[in-house]
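Below: one structure, written as structure tokens.
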Amino acid sequence: MSLSGASRRSVDLPALAARVDPGLVHINTRLGQQNGGVAGTGIVLSASGEVITNNHVISGGTSIEVTDVGNGQTYSATVVGYDRGHDIAVLALRNASDLQTAAIGDSSSVAVGDATAAIGNAGGRGGTPSIVAGTVLALDQTIMVTDDITGSAEQLAGVIRVAAELQPGDSGGPLVNTAGQVVGIDTAAATAPRSSGAEGFAIPINDAIAIGKQIDAGIASPSIHIGPTGALGIVVQTPTRARDGSAVSGALVTGVTPGSPGGQSGLAAGDVIVSLDGAVVDSPTTMITLLVGHYPGDLVPLTWVDPSGQQHVATVVLEVGPPT
Numbered sequence: 087m088s089l090s091g092a093s094r095r096s097v098d099l100p101a102l103a104a105r106v107d108p109g110l111v112h113i114n115t116r117l118g119q120q121n122g123g124v125a126g127t128g129i130v131l132s133a134s135g136e137v138i139t140n141n142h143v144i145s146g147g148t149s150i151e152v153t154d155v156g157n158g159q160t161y162s163a164t165v166v167g168y169d170r171g172h173d174i175a176v177l178a179l180r181n182a183s184d185l186q187t188a189a190i191g192d193s194s195s196v197a198v199g200d201a202t203a204a205i206g207n208a209g210g211r212g213g214t215p216s217i218v219a220g221t222v223l224a225l226d227q228t229i230m231v232t233d234d235i236t237g238s239a240e241q242l243a244g245v246i247r248v249a250a251e252l253q254p255g256d257s258g259g260p261l262v263n264t265a266g267q268v269v270g271i272d273t274a275a276a277t278a279p280r281s282s283g284a285e286g287f288a289i290p291i292n293d294a295i296a297i298g299k300q301i302d303a304g305i306a307s308p309s310i311h312i313g314p315t316g317a318l319g320i321v322v323q324t325p326t327r328a329r330d331g332s333a334v335s336g337a338l339v340t341g342v343t344p345g346s347p348g349g350q351s352g353l354a355a356g357d358v359i360v361s362l363d364g365a366v367v368d369s370p371t372t373m374i375t376l377l378v379g380h381y382p383g384d385l386v387p388l389t390w391v392d393p394s395g396q397q398h399v400a401t402v403v404l405e406v407g408p409p410t
């Protein structure tokens, strides 16, 4: 499908931006354990400061600052809850009021060939949001997304594929129709485009809002976590292969915060976690998923293997940590 067709020309980008931008926020997440930061976008759902975004925008964040595009003010944010399996998070802005909200559309009405626009905090620059025109290429797509830091991966199903160039910082921003209504949440750029142009993926807004309502209701599930997150105080990634080339199962510890539950248990960089709470840990994704069901103060049995091959077992008390 060509991007130079009538559907692209029919999108009035300045008019859409003027209509949509005031209901958006720029998100800046500080990653304490990874010593870095992530920039993204959010969609304002309530005048009192409820915001929906991608979970990967706030995952691992020790502090979250949100700047409202409509009034220019910056607020600190707390995480109401998040769904790792569907990459959705709901934030609450502290002391926010009278915010302009986004117009929410109906993603069930989206069809292949529809003209759209993707809006976001491209490049994490802040200021006026970027906007690019696009076209819906396919519906109900399944993709695999990978965390660049930990190597953990999640499969996202039911997403919208669009011919639009999404950039870092756009995540959590809206995919809108020609009426300026949000029909999706910009989530990922295609790493291997299936056409000559850039492509991206968006979570249907109906799915995202349904998850948001479940979070608001305080209903946890295997993938939805409500409130504070229990943490070990460590950084993990996918283990490297053994000397013989065979795969190594588990979660490789690459950093331990001094005084954290992980540190107090004796965990050190180079160790490989193989079991948590009695369940096998075969990857960072598995370990992080297991932690979704736990809260600060929980007692959790932990098993790991050190670089010499010796196995260790300890029971740790989880601390308050960043969302996973």
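Position in the sequence shown (from 1) plus 86 gives the number in our numbering.
Note that the Cβ used here is the ideal one computed from N, Cα and C, for glycine as well.
Keep in mind it's a predicted model, so treat the numbers as computed, not measured.
Point to revise | Short Cβ contact (9 angstroms threshold) for Leu-177 with Val-198 | key: no
**Study point:** Ser-346 vs Leu-318 beta-carbon contact at 9 angstroms
**Key:** yes
Check your understanding: Whole beta strand (DSSP E) runs in the segment 217-262 with 3 or more residues, listed along the chain?
Key -> 239-249, 260-262
Point to revise | For Leu-44, the residue or residues it bridges with in DSSP | key: With the chain covering 87 to 410 only, the question about residue 44 has no answer from this structure.
Check your understanding: Taking one C-beta from the segment 310-317 and one from the segment 349-369 each time, how about it: are there three or more such pairs within less than 8 angstroms?
Key -> no
Exercise for review: Please determine if the segment 265-274 and the segment 187-197 are in contact, where contact requires at least 3 C-beta pairs separated by less than 8 angstroms.
Suggested key: yes
**Study point:** Inter-residue Cα distance where the pair is Ala-204 and Leu-252
**Key:** 7 angstroms
Point to revise | Separation of Gln-186 from Arg-94, as counted between CA atoms | key: Its pLDDT being 46, under 50, Arg-94 is placed unreliably in this model, and the coordinates cannot settle the point.
Practice item. State the Cα-Cα distance for the pair Gly-135 and Leu-179, rounded to the nearest angstrom. Key: 5 angstroms
Point to revise | Nearest-angstrom Cβ-Cβ length linking Val-403 and Gly-383, presumed shorter than 8 angstroms | key: 6 angstroms
**Study point:** For Thr-375, three-class secondary structure by DSSP
**Key:** helix
Exercise for review: Report, in whole angstroms, the separation of the C-beta atoms of Asp-256 and Gly-244, which I expect to be a contact under 8 angstroms.
Suggested key: In fact, because the Cβ distance is near 20 angstroms, the residues do not count as touching under 8 angstroms.
Practice item. Taking all protein chains shown into account, decide if Thr-115 is buried (16 or more other Cβ within 10 angstroms of its Cβ) or exposed. Key: buried
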